[in-house]
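Worksheet: one structure, shown below.
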Amino acid sequence: MYEPFSPPENIGFIGLGKMGEPMVRNLAKAGFRPVLFDLNRDIVAKLAKELRAKAPASLPELARVCRVAITMVPDGAIVREIVLGGRVDAGASLSAGMTAGSVLIDMSSSSPTSTRELGKELAKRGLLLIDAPVSGGVRRAVSGELAIMVGGDGDVIDRCRPILASMGSKIFVAGPLGAGHAIKALNNYVSAAGYLAASEALVAGARFGLAPQVMLDIFNASSGMNNSTQNKFSQYVLSRRFDAGFSMGLMAKDLRTALEVLRATDTPAPLADYCVPFWEDAAKKLGPHSDHTEMVRVLEQATGTELKKGGSS
Ligand code: NAD
Numbered sequence: 008m009y010e011p012f013s014p015p016e017n018i019g020f021i022g023l024g025k026m027g028e029p030m031v032r033n034l035a036k037a038g039f040r041p042v043l044f045d046l047n048r049d050i051v052a053k054l055a056k057e058l059r060a061k062a063p064a065s066l067p068e069l070a071r072v073c074r075v076a077i078t079m080v081p082d083g084a085i086v087r088e089i090v091l092g093g094r095v096d097a098g099a100s101l102s103a104g105m106t107a108g109s110v111l112i113d114m115s116s117s118s119p120t121s122t123r124e125l126g127k128e129l130a131k132r133g134l135l136l137i138d139a140p141v142s143g144g145v146r147r148a149v150s151g152e153l154a155i156m157v158g159g160d161g162d163v164i165d166r167c168r169p170i171l172a173s174m175g176s177k178i179f180v181a182g183p184l185g186a187g188h189a190i191k192a193l194n195n196y197v198s199a200a201g202y203l204a205a206s207e208a209l210v211a212g213a214r215f216g217l218a219p220q221v222m223l224d225i226f227n228a229s230s231g232m233n234n235s236t237q238n239k240f241s242q243y244v245l246s247r248r249f250d251a252g253f254s255m256g257l258m259a260k261d262l263r264t265a266l267e268v269l270r271a272t273d274t275p276a277p278l279a280d281y282c283v284p285f286w287e288d289a290a291k292k293l294g295p296h297s298d299h300t301e302m303v304r305v306l307e308q309a310t311g312t313e314l315k316k317g318g319s320s
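Below, the structure written as structure tokens:
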């Protein structure tokens, strides 16, 4: 049995975007020593200064000073490229610097199939992989209260618990490698379907003459309540802020992954068959960098109805 990784262990952190940046701050707050890497060198320089953290120039250099590395990048294809290298430059990859027994924690929302394939490749080199995607958005990444769903070997997960606990308040062992990524994609499908249903209902209700906030108050005291009616519409849509911090492009990617899981398990999925292309189409119309809460604009534009705090127009 190995000891759990505890502060002040060096933790490589790759991907310092909307989620990675607050997550790495919480790692540092818990006493871990983050070692930073991102393609965006400005964010690396800013965080390295703030956290007095190392920022190696290359992935192998990062791997040489860390027994554990975390990836928090857009998708599994990018994780694979970081870890094994592109077709041209395997020497510049993370695994080129990792030593046997080192652990990679992929906290990105990756495809479970690609995660299992990556796990096999890493195992051949004596390297360990767990998947630990998160839910809770930027708000809970900042507060250190993410839900973390973990897949992989139980002993490796136990060793990583103190690291995960510095970023999340609810840690679930979902199952073997890939299980975390599978449930993460399915979770986002349920969330996206709920958002779409609530969007349709709110636009229809507004056109029927009801005030959007009154409808939300009624849903939230009734059986139509969901995460979007509780935590998204009033905050990001009626306020017209649309700044939840999770992009349309990433949501569409998660929904494609969910569909991959539904197909791979031969599960009839009429709702997903409608919902996933709808979100993909919205991502094309609104742009991949628009906030996912902007999806309602597609229905607003189609009907000439805008949902607002005081009423609708
Ligand atoms: P983001 O686009 O804000 O950040 C991604 C970061 O990865 C960027 O800083 C980018 O420069 C970096 N990056 C990309 N390719 C890289 C590479 N090859 N090497 C090094 N760095 C690279 O994305 P985000 O919103 O922080 O999301 C990250 C992951 O977390 C995604 O998988 C997303 O689906 C998931 N997620 C996001 C949220 C959210 O609310 N934003 C919530 C839960 C899960």
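Here the sequence shown stands for residues 8 to 320, numbered as in the working numbering. A virtual CB, placed ideally from N, CA and C, is assigned to each residue, including glycine.
Which of the three DSSP states is assigned to residue i in this structure?
{"i": "A154", "result": "strand"}
{"i": "N233", "result": "coil"}
{"i": "G212", "result": "helix"}
{"i": "A62", "result": "coil"}
{"i": "A276", "result": "coil"}
{"i": "N17", "result": "strand"}
{"i": "L101", "result": "coil"}
{"i": "A192", "result": "helix"}
{"i": "S142", "result": "strand"}
{"i": "K25", "result": "coil"}
{"i": "N47", "result": "coil"}
{"i": "S198", "result": "helix"}
{"i": "K53", "result": "helix"}
{"i": "V149", "result": "helix"}
{"i": "G252", "result": "coil"}
{"i": "G187", "result": "helix"}
{"i": "A107", "result": "coil"}
{"i": "V72", "result": "coil"}
{"i": "A37", "result": "coil"}
{"i": "S116", "result": "coil"}
For the beta strand (DSSP E) containing residue i, list its first residue and its last residue.
{"i": "D113", "result": "V110 to D113"}
{"i": "D138", "result": "L135 to D138"}
{"i": "A181", "result": "G175 to G182"}
{"i": "L43", "result": "R40 to F44"}
{"i": "T78", "result": "V75 to T78"}
Nearest by alpha-carbon distance to residue i: which of the options is it?
{"i": "C73", "options": "P81, A62, G83 and V80", "result": "A62"}
{"i": "K127", "options": "S229, N234, D250 and L91", "result": "L91"}
{"i": "T236", "options": "L257, A204, H299 and D288", "result": "A204"}
{"i": "V54", "options": "D288, K36, A64 and V31", "result": "Per the sequence shown, residue 54 should be read as Leu rather than Val. Of the listed residues, the one whose Cα sits closest to L54 is V31."}
{"i": "A107", "options": "G93, L134 and L34", "result": "L134"}
{"i": "F179", "options": "F240, D224, K131 and V157", "result": "V157"}
{"i": "G311", "options": "A211, R247 and Q220", "result": "A211"}
{"i": "F44", "options": "A35, M79, L34 and F240", "result": "M79"}
{"i": "R71", "options": "A60, A103, N227 and C167", "result": "A103"}
{"i": "L136", "options": "F226, M105, D261 and N194", "result": "M105"}
{"i": "E207", "options": "A309, F39, A228 and D165", "result": "A309"}
{"i": "M232", "options": "A200, G252, M255 and G256", "result": "A200"}
{"i": "R147", "options": "S297, S176 and P14", "result": "S176"}
{"i": "A265", "options": "A279, D49, S254 and L306", "result": "A279"}
{"i": "A259", "options": "P81, E10 and I18", "result": "P81"}
{"i": "A155", "options": "A172, V86, E287 and L111", "result": "According to the sequence provided, residue 155 is Ile. The question's Ala does not apply to it. That would be A172, whose Cα lies nearest to the Cα of I155."}
{"i": "A76", "options": "A189, G317 and L111", "result": "L111"}
{"i": "V268", "options": "I85, L58 and S118", "result": "S118"}
{"i": "S150", "options": "D224, E57, P29 and V283", "result": "P29"}
{"i": "K56", "options": "L69, S65, V42 and E68", "result": "V42"}
{"i": "S13", "options": "V141, S121 and R166", "result": "R166"}
{"i": "G317", "options": "G83, A213 and Y196", "result": "A213"}
{"i": "D5", "options": "G143, G24, P169 and L66", "result": "With the chain covering 8 to 320 only, the question about residue 5 has no answer from this structure."}
{"i": "A218", "options": "K131, L245, G185 and I190", "result": "L245"}
{"i": "E287", "options": "P275, M302, P277 and A276", "result": "M302"}
{"i": "D224", "options": "F215, F240 and S254", "result": "F240"}
{"i": "A251", "options": "M222, G144, A181 and G19", "result": "G144"}
{"i": "G98", "options": "H188, G294, R263 and L66", "result": "L66"}
{"i": "I85", "options": "S121, S109 and R270", "result": "S121"}
Which two residues bound the contiguous alpha helix (DSSP H) that contains residue i?
{"i": "P11", "result": "Looking at the DSSP string, P11 is not in any alpha helix (DSSP H), and its letter there is neither H nor E."}
{"i": "F226", "result": "P219 to N227"}
{"i": "T122", "result": "P119 to K131"}
{"i": "L245", "result": "Note, L245: premise wrong, no alpha helix (DSSP H); not H, not E."}
{"i": "D261", "result": "M255 to A271"}
{"i": "M162", "result": "Checking the sequence shown, residue 162 turns out to be Asp, not Met. Segment G161 to A172, the alpha helix (DSSP H) holding D162."}
{"i": "A84", "result": "G83 to L91"}
Output the residue ranges of the beta strand (DSSP E) runs that lie fully inside the stretch 286–320 and measure 3 residues or longer, sorted by chain position. For the stretch 286–320, not a single whole beta strand (DSSP E) run of length 3 or above is found.
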